[in-house]
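Per the UniProt record's numbering, the sequence shown runs over residues 1 to 102.
The block underneath contains the structure these notes are about, expressed in structure tokens.
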Amino acid sequence: MAISPQSHALSSCLIGASFDLDDALTLPANFGHQVTVSNSLVSNMPRASTDDVCTVCLETFQPENMGRRSPCGHVYHAACIFSWLCHRNSCPLCRYNISGDP
């Protein structure tokens with residue numbers, strides 16, 4: 001059974017490359033909300049095809065894994081921008097506030 005890119009992104013968002021129980025116990029109370037907001041933001045981003053590479057993972061876009069265009073116009077894989085937005089609220093390239101939160 002294959003793991004979807006969104007499920008993989010969610011697990012990396014929640015656990016990351018290295019898991020630290022102390023860090024997990026001190027997550028902000030609204031962390032689950034951040035994940036929900038990130039998922040909603042990415043789902044609402046328009047799909048975009050491009051010959052460029054995703055600047056988060058440096059992989060090319062494939063027809064089965066098209067990019068998502070952020071409000072500032074930059075394009076990322078859905079899983080890549082989702083993982084990014086779990087920790088930050090801005091575009092990885094230009095720092096445009098994507099989430100609308102301060």
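A virtual CB, placed ideally from N, CA and C, is assigned to each residue, including glycine.
Computed from a predicted structure; not experimentally measured.
Residue pairing from DSSP places V53 in a beta bridge opposite T60. In its chain, beyond the 5 residues on either side, V56 and P92 have a beta carbon closer than 7 Å to the beta carbon of W84. Here G73 is actually not in contact with T50; their C-beta atoms are around 11 Å apart, not less than 8 Å. In the three-state DSSP reduction, S99 falls in the coil class, being neither helix nor strand. By the neighbour-count criterion, in which 16 or more other beta carbons inside 10 Å mark a residue as buried, L58 falls on the exposed side.
Cβ contact annotation for A78 (same chain, cutoff 6 Å, sequence separation greater than five): V42 and R68, in chain order. In terms of CA proximity to Y96, S70 leads the group S70, P46, C86 and A48.
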